[in-house]
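Asker: Residue numbers (our numbering): 432 to 857. By construction, the Cβ of each residue, glycine as well, lies at the ideal position given by its N, Cα and C atoms.
(1) By a C-beta neighbour count over all protein chains shown, 10 Å radius and 16 as the cutoff for buried, is residue 551 buried or exposed?
(2) Can you tell which of 688, 777, 616 has the C-alpha that lies nearest to the C-alpha of residue 734?
(3) Can you tell me whether residue 453 is buried or exposed, with buried defined as 16 or more other CB within 10 angstroms of its CB?
(4) Which residues in the same chain as residue 539 place their Cβ atom closer than 7 angstroms to its Cβ, once the five residues preceding and following it in sequence are excluded?
(5) Can you tell which of 458, 496, 695 has the C-alpha that lies nearest to the C-alpha of residue 812?
(6) Less than 8 angstroms between C-beta atoms, sequence neighbours within five positions excluded: which residues of the same chain meet that for residue 405?
(7) Return the bridge partner residues of residue 575 from the DSSP annotation.
(8) At the level of alpha carbons, what is the spacing between residue 816 and residue 441?
(9) Please list the segments of the beta strand (DSSP E) lying wholly inside the stretch 536–599, counting only runs of 3 or more residues, in order along the chain.
(10) Can you tell which of 669, 714, 469 has the C-alpha that lies nearest to the C-alpha of residue 575?
(11) Indicate the three-state DSSP secondary structure (helix, strand or coil) for residue 462 in the structure shown.
(12) Out of curiosity, what's the CA-to-CA distance linking residue 708 and residue 716?
(13) Give me, in chain order, the residues of the same chain whose beta-carbon lies closer than 6 angstroms to that of residue 738; leave out the 5 immediate sequence neighbours on both sides.
(14) What is the DSSP secondary structure of residue 439, reduced to helix, strand or coil?
(15) Please report the distance separating the alpha-carbon of residue 505 from that of residue 462.
(16) Between residue 777 and residue 728, what straight-line distance do the alpha-carbon atoms span, to the nearest angstrom?
(17) Kindly indicate which residue of 460, 477, 810, 743 has the alpha-carbon position closest to the one of residue 604.
(18) Contact between the stretch 739–756 and the stretch 785–792 is defined here as three or more beta-carbon pairs at a separation below 8 angstroms; is this criterion met?
(19) Only counting the same chain, and skipping five residues up and downstream in sequence, which positions put a Cβ closer than 8 angstroms to that of residue 487?
(20) Once you ignore the five residues that flank residue 756 on each side, which residues in its own chain have a CB closer than 7 angstroms to its CB?
(21) By the 10 Å Cβ neighbour count, where 16 or more other Cβ atoms means buried, how is residue 678 classified, buried or exposed?
(22) Do you know offhand how far residue 446's Cα is from residue 645's?
(23) Pick from 515, 606, 653, 663: whose alpha carbon is nearest that of residue 578?
(24) Leaving out five residues on either side along the sequence, give the residues of the same chain with a beta carbon under 8 angstroms from the beta carbon of residue 564.
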């Protein structure tokens, strides 16, 4: 179950590129090239350029490969993509082991020597503009933005809109794309992770294809901690697209409640993770059994914990019966209040610990799972063994302590942001 064993090695090329390799007894390879240059590296007037650049790197060709040949190569792999995040852009791949050399040849040239073929740049410009229009045409876009701003604060890096500004993308030149690329696409601002049936000469292949490029500028974005809340904020908005025209009284409303939680590297994050699973993690959870099964206020309702990027959020949500939305909110707060006072059973705790062991075991049955585990170790210094050790140490008393610290005592005095998108609100 360990990621760090005799088949794992990591090293850094002379130009600063960090490399992690893990051999597994498979016939395929999973991996990704990560570039720590994403949307938050944009300057004023560049909103959307990181995402636009990612599109053009994928389809615009490179010094070695024209766009048509690049298309053929990407189609050779089992799957290949590129994605833009707040703090990074990454290129994940799953492929036959025999394609490892071709992948390294292609991804290195695409990342470092983009061609920016004019016809492809214009095609991707239109696609990005349509993608942005699709996002903003979503009926919940405006409400979701307001919800995020209330929780994280206005202009928070955590809520930065990756797709950007249509006017910026619409007028961006190839020079604009090149300038943004040159600020961050350097080997000392990247890492490469490969897992699977790696070629015996994999280290030589990495050096040959990625060791030739010079170091440059660029550094990882540091996220601020999300702020504390000082009371309850309720956003009750009209959502006419959710209206049930055949049976209006049976219309469903979208409910979301956000609470401040610890980050994933804080000591009590493990107790909170298990607390949230007990509250709303699956069909055995308190919320599902109360709000859905016994009271029939929702078909699906649950809770999730997110401690990534120096933020801590407990998110509760589901689609609830609109005319009984107030009752559903009360029921959710009742279940949170119970967890503040009552000890959870040892049996329910053991079930979750068993599920955690299963999840980790299942992860390491795939190369992609190994890649994710290596990322967690490289980025956060966290290993599956450490995670299991912390989870096994959780007691009913620690669950209750976490509930007292992070769950509201009641609906009136709690500190939270609540969004209700209601089709029956006039």
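Answerer: According to the structure data:
(1) buried
(2) 688
(3) buried
(4) 640, 641
(5) 695
(6) The structure shown does not extend to residue 405, since the chain is modelled only from 432 through 857, so no value can be given for it.
(7) In the DSSP output, where bridge partners are listed per residue, residue 575 has none listed.
(8) 19 angstroms
(9) none
(10) 669
(11) strand
(12) 7 angstroms
(13) 694, 695, 700
(14) strand
(15) 14 angstroms
(16) 29 angstroms
(17) 477
(18) no
(19) 545, 547, 551, 552, 555, 608
(20) 684, 686, 851, 853
(21) exposed
(22) 6 angstroms
(23) 663
(24) 597
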